[in-house]
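*Asks:*
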Amino acid sequence: MYTQGLNIEAGDKSIPLEDRNSALMQRFQSRIDAEEKVEPTDWMPEGYRKTLIRQISQHAHSEIVGMLPEGNWITRAPSLRRKMILLAKVQDEGGHGLYLYSAAETLGISRAELIDQLLTGKAKYSSIFNYPTPTWADVGAIGWLVDGAAIMNQVPLCRCSYGPYARAMIRVCKEESFHQRQGYEIMIALSQGTAEQKRMAQEALNRWWWPSLMMFGPSDAASLHSSQNMAWKIKRVSNDELRQKFVDVTVPQAEFLGLTVPDPDLRWNGETGHYEFGEIDWTEFNQVLAGNGPCNRDRMKKRRKAHDDGAWVREAALAHAEKRRARQAMTAAAAE
Amino acid sequence: MDQGLFSYLLRQGDSCLILGHRLSEWCGHAPQLELDIALANIALDLTGQADAFLGLAAEVEGQGRDADALAFHRDVLDYRNLLLVELPNEDFGLTIARQFLFDAWQVEFYGALARSSDQRVAALAAKGLREATYHERFSGEWLVRLGDGTDESHARAQAAIDELWTYTGEMFECDALVAGLVERGIAPDHRGLKAAWDARVADVLAEATLRRPADGWMQSGGLKGRHGEALGHLLAEMQFLPRAYPGARW
Numbered sequence: 001m002y003t004q005g006l007n008i009e010a011g012d013k014s015i016p017l018e019d020r021n022s023a024l025m026q027r028f029q030s031r032i033d034a035e036e037k038v039e040p041t042d043w044m045p046e047g048y049r050k051t052l053i054r055q056i057s058q059h060a061h062s063e064i065v066g067m068l069p070e071g072n073w074i075t076r077a078p079s080l081r082r083k084m085i086l087l088a089k090v091q092d093e094g095g096h097g098l099y100l101y102s103a104a105e106t107l108g109i110s111r112a113e114l115i116d117q118l119l120t121g122k123a124k125y126s127s128i129f130n131y132p133t134p135t136w137a138d139v140g141a142i143g144w145l146v147d148g149a150a151i152m153n154q155v156p157l158c159r160c161s162y163g164p165y166a167r168a169m170i171r172v173c174k175e176e177s178f179h180q181r182q183g184y185e186i187m188i189a190l191s192q193g194t195a196e197q198k199r200m201a202q203e204a205l206n207r208w209w210w211p212s213l214m215m216f217g218p219s220d221a222a223s224l225h226s227s228q229n230m231a232w233k234i235k236r237v238s239n240d241e242l243r244q245k246f247v248d249v250t251v252p253q254a255e256f257l258g259l260t261v262p263d264p265d266l267r268w269n270g271e272t273g274h275y276e277f278g279e280i281d282w283t284e285f286n287q288v289l290a291g292n293g294p295c296n297r298d299r300m301k302k303r304r305k306a307h308d309d310g311a312w313v314r315e316a317a318l319a320h321a322e323k324r325r326a327r328q329a330m331t332a333a334a335a336e
Numbered sequence: 337m338d339q340g341l342f343s344y345l346l347r348q349g350d351s352c353l354i355l356g357h358r359l360s361e362w363c364g365h366a367p368q369l370e371l372d373i374a375l376a377n378i379a380l381d382l383t384g385q386a387d388a389f390l391g392l393a394a395e396v397e398g399q400g401r402d403a404d405a406l407a408f409h410r411d412v413l414d415y416r417n418l419l420l421v422e423l424p425n426e427d428f429g430l431t432i433a434r435q436f437l438f439d440a441w442q443v444e445f446y447g448a449l450a451r452s453s454d455q456r457v458a459a460l461a462a463k464g465l466r467e468a469t470y471h472e473r474f475s476g477e478w479l480v481r482l483g484d485g486t487d488e489s490h491a492r493a494q495a496a497i498d499e500l501w502t503y504t505g506e507m508f509e510c511d512a513l514v515a516g517l518v519e520r521g522i523a524p525d526h527r528g529l530k531a532a533w534d535a536r537v538a539d540v541l542a543e544a545t546l547r548r549p550a551d552g553w554m555q556s557g558g559l560k561g562r563h564g565e566a567l568g569h570l571l572a573e574m575q576f577l578p579r580a581y582p583g584a585r586w
């Protein structure tokens with residue numbers, strides 16, 4: 001579903017600074033400047049590799065954890081059609097997770113290691129999934145706003161310099177645009193429905209609006225290392241630019257629904273051709289990232305439980321594969 | 337109204353719907369990502385089959401109801417699914433064993449139903465058969481992995497098969513309703529599916545190093561609306577929104 005502008009933290013020493021003047025680095029940079037894709041077998045700076053592992057795995061983890069808030073409504077979807085669409089959507093998120101983990105594996109790390117980082121709390125995932133889905137309208141709001149924000153962020157990633165990630169993003173983006181439409185379609189049905197349904201829709205917008213804006217990450221002024229990521233073309237458009245684009249596209253959609261965006265400072269600026277909007281509560285954002293969102297504990301508890309409860313199944317599959325191999329080897333030896 | 341055909345279609349639609357619902361409960365909680373995706377996929381297929389069978393049932397009934405009305409506005413007494421499919425998931429072993437026992441039946445059943453004299457029914461069966469064939473391969477392979485895996489997985493798989501066996505008889509019942517449709521060439525005689533099912537199950541159990549339980553007393557009643565306690569909870573959850581907001585469109 002989403003990658004967030006939280007890939008580099010203040011004071012992080014794990015991303016090494018390379019000698020920018022070495023011949024290898026200069027050659028690498030000139031390839032990037034020429035818009036060539038970097039492939040898994042190519043030489044790459046250690047900082048580039050680590051930054052990508054972190055970003056791609058955070059993205060993968062976000063897909064996996066992101067299955068939970070919407071999965072919360074699969075068994076309560078209000079019609080067979082909605083149930084099938086939601087199942088397909090959440091299944092897509094799992095698929096995105098799978099090929100993002102595969103993309104990360106091309107950089108020399110295993111899926112098991114990455115999942116371990118998630119379950120031990122070492123790796124982060126998008127802050128947005130730490131908010132709850134108490135009503136059906138939340139499923140609509142996630143599709144409309146969260147997937148909408150994800151598309152804004154991910155479309156430029158289709159041109160990311162790292163080939164496997166860029167190619168994965170092309171497929172992800174196609175599916176995300178279907179997800180965004182299904183979410184908006186739920187919101188249309190609710191906003192044209194009964195008073196109770198309209199209330200559900202408005203309350204969901206009230207709860208998801210600001211967290212969706214936070215999905216783009218800290219403002220450019222507070223964003224660390226982003227110039228290096230821009231030079232490497234891992235990141236291609238700044239957080240604030242993407243956020244502005246999202247607001248500009250989404251506000252008219254809210255108006256079409258007859259819903260009110262929960263921001264008293266929101267106004268159209270005819271001169272700039274953009275909406276101006278109020279100050280984001282960065283304290284809340286940082287608290288959610290630090291583990292204090294409404295659902296952080298529950299999300300991780302559920303992921304760990306699924307992992308622990310499933311250990312015997314994964315062990316069985318490995319043991320069976322081993323037995324098969326041994327039997328085949330014996331049969332082959334007997335035939336000789 | 338063709339009451340016999342209507343009731344028969346409800347049985348098929350309800351079994352698919354309830355089993356699809358049970359599988360969908362796994363979404364996001366499966367032992368590994370590939371299984372999350374596979375179980376959701378099978379749930380999706382079964383829900384689609386339910387939609388088609390219930391849609392046809394509503395058409396046969398001709399009272400202005402649709403598949404959603406049948407799915408979301410009937411209570412336990414009017415549900416006609418097999419008891420096997422309403423049993424709670426418990427663990428992955430029971431889920432897979434339940435799925436395999438059902439899939440092996442559904443492959444035989446759809447194969448026979450595809451020759452129905454009612455073209456609409458035959459078409460649904462033919463489409464369902466392609467899906468059921470894939471489902472059986474998946475659940476059969478996993479039953480083999482669990483049965484012939486570790487000591488723990490073997491014990492869990494055997495316990496699941498033992499626990500579920502008493503619910504398998506209902507799939508082969510041929511009551512007056514089925515008999516009437518057999519005479520009209522619409523439905524196959526369900527008793528006739530047993531031998532081929534036995535053979536499929538025996539093959540997979542043998543490969544899985546699992547013991548086939550003896551055919552003892554068989555539970556019955558789901559197809560006539562006599563259900564266990566779990567179904568009411570499932571319906572309470574599944575039907576919550578349409579029941580809480582009557583007349584609302586979603």
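Line order of the protein sequences matches chains A and X.
Heads up: the first sequence is residues 1 to 336, going by this note's numbering.
Heads up: the second sequence is residues 337 to 586, going by this note's numbering.
The beta carbon of each residue, even a glycine, is placed where N, CA and C say it ideally should be.
Would you call the stretch 226-245 of chain A and the stretch 197-211 of chain A in contact, with 3 or more CB pairs under 8 Å?
*Replies:* Verdict: no, contact absent.
*Asks:* In the DSSP assignment, find the beta strand (DSSP E) that holds W312 (chain A) and state where it starts and stops.
*Replies:* Counting from 1 along the first sequence, the entry for residue 312 (chain A) is found at position 312. It is not in any beta strand (DSSP E) - W312 (chain A) instead sits in the alpha helix (DSSP H) that spans 311-335.
*Asks:* Distance, Cα to Cα, Q385 (chain X) vs L318 (chain A)?
*Replies:* Position 49 of the second sequence holds residue 385 (chain X). Position 318 of the first sequence holds residue 318 (chain A). Each residue's alpha carbon lies about 34 Å from the other.
*Asks:* Let me check you understand the geometry: is the CB of R434 (chain X) closer than 8 Å to at least one non-hydrogen atom of the ligand SAH?
*Replies:* Of the ligands one can find in the structure shown there are none, so the ligand SAH has no counterpart to examine.
*Asks:* Measuring only the C-alpha atoms, how far is E499 (chain X) from V421 (chain X)?
*Replies:* Here residue 499 (chain X) corresponds to residue number 163 of the second sequence, with the count starting at 1. Here residue 421 (chain X) corresponds to residue number 85 of the second sequence, with the count starting at 1. Rounded to whole angstroms, E499 (chain X) to V421 (chain X) spans 13 Å at the Cα level.
*Asks:* Step through the CB atoms of chain X and report whether any lies within less than 9 Å of the CB of Y101 (chain A).
*Replies:* Your numbering for residue 101 (chain A) matches position 101 in the first sequence. Yes - at least one Cβ of chain X is within 9 Å of the one on Y101 (chain A).
*Asks:* Taking Cβ-Cβ distances shorter than 8 Å, what residues in chain X pair up with E369 (chain A)?
*Replies:* Summary: the structure shown does not reach residue 369 (chain A), with chain A confined to residues 1 through 336, and so no result is reported for it.
*Asks:* I need the straight-line Cα distance from R548 (chain X) to A335 (chain A), nearest angstrom please.
*Replies:* To locate residue 548 (chain X), count along the second sequence from 1; it is residue 212. To locate residue 335 (chain A), count along the first sequence from 1; it is residue 335. When rounded, the distance between both Cα atoms is 32 Å.
*Asks:* Quick check on DSSP: helix, strand or coil for V38 (chain A)?
*Replies:* As a position in the first sequence, residue 38 (chain A) is number 38, starting the count at 1. Three-state DSSP puts V38 (chain A) in a strand.
*Asks:* Which residues, in chain order, does the stretch 274-286 of chain A contribute to contact with chain X at a C-beta distance below 8 Å?
*Replies:* Within the stretch 274-286 of chain A, no residue has a Cβ that lies closer than 8 Å to any Cβ of chain X.
*Asks:* Assess, as a yes-or-no matter, whether the stretch 99-115 of chain A is touched by the stretch 67-81 of chain A under the definition of 3 or more beta carbon pairs within less than 8 Å.
*Replies:* Judged by Cβ distances under 8 Å, the stretch 67-81 of chain A makes no contact with the stretch 99-115 of chain A, as fewer than three pairs qualify.
*Asks:* Go ahead and label Q455 (chain X) buried or exposed: buried means 16 or more other beta carbons lie within 10 angstroms of its beta carbon, across all protein chains shown.
*Replies:* The sequence position of residue 455 (chain X) within the second sequence is 119, counting from 1. By the 10 Å Cβ count, Q455 (chain X) comes out exposed.
*Asks:* Quick check: what's the CA-CA separation for L107 (chain A) versus H526 (chain X)?
*Replies:* On the first sequence, residue 107 (chain A) is found 107 positions in, with the first residue counted as 1. On the second sequence, residue 526 (chain X) is found 190 positions in, with the first residue counted as 1. Between L107 (chain A) and H526 (chain X), the C-alpha separation is close to 55 Å.
*Asks:* Assuming N269 (chain A) is part of the beta strand (DSSP E), what are its boundary residues?
*Replies:* Within the first sequence, the letter at position 269 stands for residue 269 (chain A). Taken as a continuous stretch (DSSP letters only), the beta strand (DSSP E) holding N269 (chain A) covers 267-269.
*Asks:* What are the uninterrupted segments assigned as alpha helix (DSSP H) that are 4 or more residues long and contained completely in the stretch 518-553 of chain X, given in chain order?
*Replies:* Complete alpha helix (DSSP H) runs here, min 4: 530-543.
*Asks:* Is there a Cβ from chain X that is less than 9 Å from the Cβ of G11 (chain A)?
*Replies:* As a position in the first sequence, residue 11 (chain A) is number 11, starting the count at 1. Note on G11 (chain A): pLDDT 48, under 50, position unreliable in the model; the coordinate value appears next. Not an interface residue.
*Asks:* Just the C-alpha distance for R167 (chain A) and A333 (chain A), rounded to the nearest angstrom, thanks.
*Replies:* Within the first sequence, the letter at position 167 stands for residue 167 (chain A). Within the first sequence, the letter at position 333 stands for residue 333 (chain A). Straight-line Cα distance between these residues: approximately 44 Å.
*Asks:* Identify every run of the alpha helix (DSSP H) within the stretch 263-304 of chain A, keeping only runs that are complete inside it and at least 4 residues long; order them along the chain.
*Replies:* Segments of the alpha helix (DSSP H) lying fully in the stretch 263-304 of chain A: 282-287.
*Asks:* Suppose contacts are defined by Cβ-Cβ distances below 9 Å. Is W404 (chain A) in contact with V139 (chain A) by that definition?
*Replies:* Because chain A in this structure spans residues 1 to 336, residue 404 (chain A) falls outside the shown range and cannot be described.
*Asks:* Could you check what DSSP says for Y184 (chain A) in three-state terms: helix, strand or coil?
*Replies:* Walking along the first sequence from the start, residue 184 (chain A) turns up at place 184. Helix.
*Asks:* Residues of the stretch 405-424 of chain X in Cβ contact with chain A at a cutoff of 7 Å, in chain order, please.
*Replies:* Result list: A407.
*Asks:* Please give me, in chain order, every unbroken run of the alpha helix (DSSP H) with length at least 4 that falls completely inside the stretch 441-519 of chain X.
*Replies:* Runs of the alpha helix (DSSP H) inside the stretch 441-519 of chain X: 455-483, 487-500, 512-519.
*Asks:* Anything in chain X within Cβ reach of W136 (chain A), meaning under 8 Å, just list it in chain order.
*Replies:* Translated into positions along the first sequence, residue 136 (chain A) becomes position 136. Under the 8 Å cutoff, chain X gives L577, W586.
*Asks:* Since M84 (chain A) meets chain X, which of its residues come closer than 8 Å, beta carbon to beta carbon?
*Replies:* Counting from 1 along the first sequence, the entry for residue 84 (chain A) is found at position 84. Under the 8 Å cutoff, chain X gives L380, T383, G384, D387.
*Asks:* Name the residues in the stretch 74-98 of chain A whose C-beta lies less than 7 Å from a C-beta of chain X; which are they?
*Replies:* Answer set for the stretch 74-98 of chain A: I74, T75, R76, P78, S79, L80, R82, K83, M84, L87, A88, V90, Q91, G94, G95, G97, L98.
*Asks:* Verify whether the separation of the beta carbon atoms of L588 (chain X) and L390 (chain X) is less than 9 Å.
*Replies:* With chain X covering 337 to 586 only, the question about residue 588 (chain X) has no answer from this structure.
*Asks:* Can you look up L6 (chain A) in the DSSP assignment and give me helix, strand or coil?
*Replies:* Start at 1 with the first residue of the first sequence, and residue 6 (chain A) comes out as number 6. Its pLDDT being 45, under 50, L6 (chain A) is placed unreliably in this model, and the value from its coordinates should be taken loosely. Of the three classes helix, strand and coil, the one that applies to L6 (chain A) here is coil, per DSSP.
*Asks:* Relative to the alpha-carbon of S126 (chain A), which residue among A:Q55, A:Y184, A:W136 has its alpha-carbon at the smallest distance?
*Replies:* Indexing the first sequence from 1 puts residue 126 (chain A) at position 126. Considering only alpha carbons, the answer is A:Q55.
*Asks:* Report all residues from its chain with a CB closer than 6 Å to the CB of A376 (chain X); omit the five preceding and five following residues, and keep chain order.
*Replies:* The residue given as residue 376 (chain X) occupies position 40 in the second sequence. Closer than 6 Å at Cβ, skipping near neighbours: C363.
*Asks:* From D404 (chain X) to Q58 (chain A), what distance separates their C-alpha atoms?
*Replies:* As a position in the second sequence, residue 404 (chain X) is number 68, starting the count at 1. As a position in the first sequence, residue 58 (chain A) is number 58, starting the count at 1. Near 39 Å, if we compare the C-alpha coordinates of Q58 (chain A) and D404 (chain X).
*Asks:* Among X:Y415, X:M507, X:A580, which one has its Cα closest to the Cα of K530 (chain X)?
*Replies:* The residue given as residue 530 (chain X) occupies position 194 in the second sequence. Nearest of X:Y415, X:M507, X:A580 to K530 (chain X), Cα basis: X:M507.
*Asks:* Residue ranges of each alpha helix (DSSP H) run of no fewer than 4 residues wholly in the stretch 94-151 of chain A, ordered along the chain?
*Replies:* Correct list: 111-119, 136-141.
*Asks:* Determine whether the Cβ of E196 (chain A) lies closer than 9 Å to any Cβ atom of chain X.
*Replies:* Residue mapping note: residue 196 (chain A) aligns to position 196 of the first sequence, counting from 1. Yes, because at least one Cβ of chain X sits closer than 9 Å to the Cβ of E196 (chain A).
*Asks:* Could you tell me whether any Cβ in chain A is nearer than 9 Å to the Cβ of F428 (chain X)?
*Replies:* Taking the first residue of the second sequence as position 1, residue 428 (chain X) is located at position 92. Taking Cβ atoms only, chain A reaches closer than 9 Å to F428 (chain X), which makes this a yes.
*Asks:* For Y162 (chain A), which three-state DSSP category applies?
*Replies:* Counting from one through the first sequence, the residue named residue 162 (chain A) turns up at place 162. Strand, per DSSP.
*Asks:* How about E472 (chain X) and Q494 (chain X): are their beta carbons less than 9 Å apart?
*Replies:* For the purposes of this step, residue 472 (chain X) is taken as residue 136 along the second sequence, with counting starting at 1. For the purposes of this step, residue 494 (chain X) is taken as residue 158 along the second sequence, with counting starting at 1. Not a contact, by the Cβ cut-off of 9 Å.
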